[in-house]
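Below is one structure, written out as structure tokens, with a few remarks after it.
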Amino acid sequence: MNIRLVAFDFDGTILEEGMVIPEDTKEKLDTIRDLGIKISTASGRKLEDQFKILELNSLGDDKGYPHSLIVDESRIYLLDGKGYVPLKSWNDKVFEEWKKLYPLAEEILLKEVEELKEKGEDVSIHIIGDIALVRNMVAIRFKSIERAKEYEKELSRKLKAMESPFWCNRNFSLVQILPPSAGKGNTVLALSRYLGISPNEVLVIGDSGNDIDMLDGRYGFRSATVSNADPEIKEVVKKNGGYIAQKPISSGIIEIIDEIILKKGDI
4 MNIRLVAFDF
14 DGTILEEGMV
24 IPEDTKEKLD
34 TIRDLGIKIS
44 TASGRKLEDQ
54 FKILELNSLG
64 DDKGYPHSLI
74 VDESRIYLLD
84 GKGYVPLKSW
94 NDKVFEEWKK
104 LYPLAEEILL
114 KEVEELKEKG
124 EDVSIHIIGD
134 IALVRNMVAI
144 RFKSIERAKE
154 YEKELSRKLK
164 AMESPFWCNR
174 NFSLVQILPP
184 SAGKGNTVLA
194 LSRYLGISPN
204 EVLVIGDSGN
214 DIDMLDGRYG
224 FRSATVSNAD
234 PEIKEVVKKN
244 GGYIAQKPIS
254 SGIIEIIDEI
264 ILKKGDI
């Protein structure tokens, strides 16, 4: 089956120090763009942050890709030759869902933070209020990634036990509470449907906890990761029959493109 859409995470997956995408990696992306493959980010970063990264790396209008941006793990923006415009049908759907659920999400977040602090945990509220309404999530920041990993599992059990409509994930030391439609996997699926691309024609690449829902096979995507990925991510990709690169970050992206798209008859 041909790969027709590639969606990749930014931090730890393709961005080198200084938020740079090296020239040889961009040349490889140029190659798949010229083959007609759509290229998208799949990031938890804000829209403004992604614009800065694209400008720094001379991507966007001039290069003709990324063809789309996935922002805050929940919103889609499409390149139309004059910049990026929102995919309103999807973005509005997620926002309306989140707007109705937000008061409950804030209540849960505040209660969790209070209980954690009472136990002596060093935590802080990272996303709440007006920013949370824009970004379709609320989030708690922990002092360490390891503690965030533990708490994500604790919170996931709590949300299920209370039959909450929410789910949670981890982004480095952040634990995020999201509405049902949000998340990289669901958003990549919405993008692929808009583009008329089947899930098994989609290659997703990530390295960290908030990439799991697009890497674990639940939506039918083909998955890959880089050598510097979290061990749990490598295990998720392995279980999904995906590809684990021997090289890190941008060099790993080159390896993945060579092995999955350019060398195995997928074009």
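Take any residue in the sequence shown, count from 1 to its spot, add 3: that is its number in the working numbering. Beta carbons are placed, not taken as given, at the ideal position from N, Cα and C, and that holds for glycine.
Beta-carbon gap between P25 and L104 smaller than 8 angstroms: Going by C-beta atoms, P25 is not nearer than 8 angstroms to L104.
Own chain residues within Cβ distance below 7 angstroms of L192, not counting five before or after: Cβ neighbours of L192 beyond the five flanking positions: P202 and Y222.
Which residues share a DSSP beta bridge with I208? DSSP lists F11 and A227 as partners of I208.
Does S61 pass the burial test, meaning 16 or more other C-beta atoms within 10 Å, or should it be called exposed? Exposed.
In the structure shown, what three-state DSSP assignment does N139 receive? Here N139 sits in coil by DSSP.
Do G212 and N174 come within 8 angstroms of each other at the CB atom, strictly closer than that value? The Cβ atoms of N174 and G212 lie closer than 8 angstroms to each other.
Compare the beta carbon distance of S195 and R144 with 8 angstroms and say whether it is the shorter of the two. It is not a contact, given that the beta carbons lie outside the stated cut-off.
Where P69 falls, given that 16 or more other Cβ within 10 Å makes a residue buried: Buried, by the Cβ-count rule.
Grab the span of the alpha helix (DSSP H) containing P234 for me, first residue to last. Per DSSP, the continuous alpha helix (DSSP H) segment holding P234 begins and ends at P234 to K242.
So, at 7 angstroms on beta carbons, what are the nonlocal neighbours of I270 in its own chain, with the 5 sequence-adjacent residues on each side left out? At I270 the pLDDT is 38, less than 50, meaning the model places this residue with poor confidence; the figure from the coordinates comes in the next sentence. So the qualifying residues of the chain are N5, L38 and I264.
What is the C-beta distance between G15 and I252, in whole angstroms, given that I count them as a contact (C-beta under 8 angstroms)? Contact between G15 and I252 holds, with the beta-carbon distance rounding to 7 angstroms and staying under 8 angstroms.
Residues bridged to F145 (per DSSP): Paired residue(s): V126.
Counting only the same chain and skipping the five closest in sequence on each side, list residues whose C-beta sits under 6 angstroms from that of L50. Taking L50 as the centre and dropping the five residues before and after it, the same chain places the C-beta of V74 closer than 6 angstroms to its C-beta, in chain order.
Using only the alpha-carbon positions, how far apart do E153 and N139 sit? Cα to Cα, the separation comes out at about 23 angstroms.
Measure the beta-carbon distance from K41 to L8 and round it to whole angstroms, keeping in mind my assumption that it falls under 8 angstroms. Approximately 5 angstroms separates the beta-carbon atoms of K41 and L8; this is inside 8 angstroms, confirming the contact.
Taking the beta strand (DSSP E) that K41 falls in, what are its first and last residues? For K41, the uninterrupted beta strand (DSSP E) run begins and ends at K41 to T44, by DSSP.
For D214, does the count of other Cβ atoms within 10 angstroms reach 16, so buried, or fall short, so exposed? By the 16-neighbour rule on beta-carbons within 10 angstroms, D214 is buried.
Using a Cβ-based criterion (distance less than 7 angstroms to any ligand heavy atom), does N172 qualify as near the ligand ATP? You won't find the ligand ATP in this model; it holds no ligand whatsoever.
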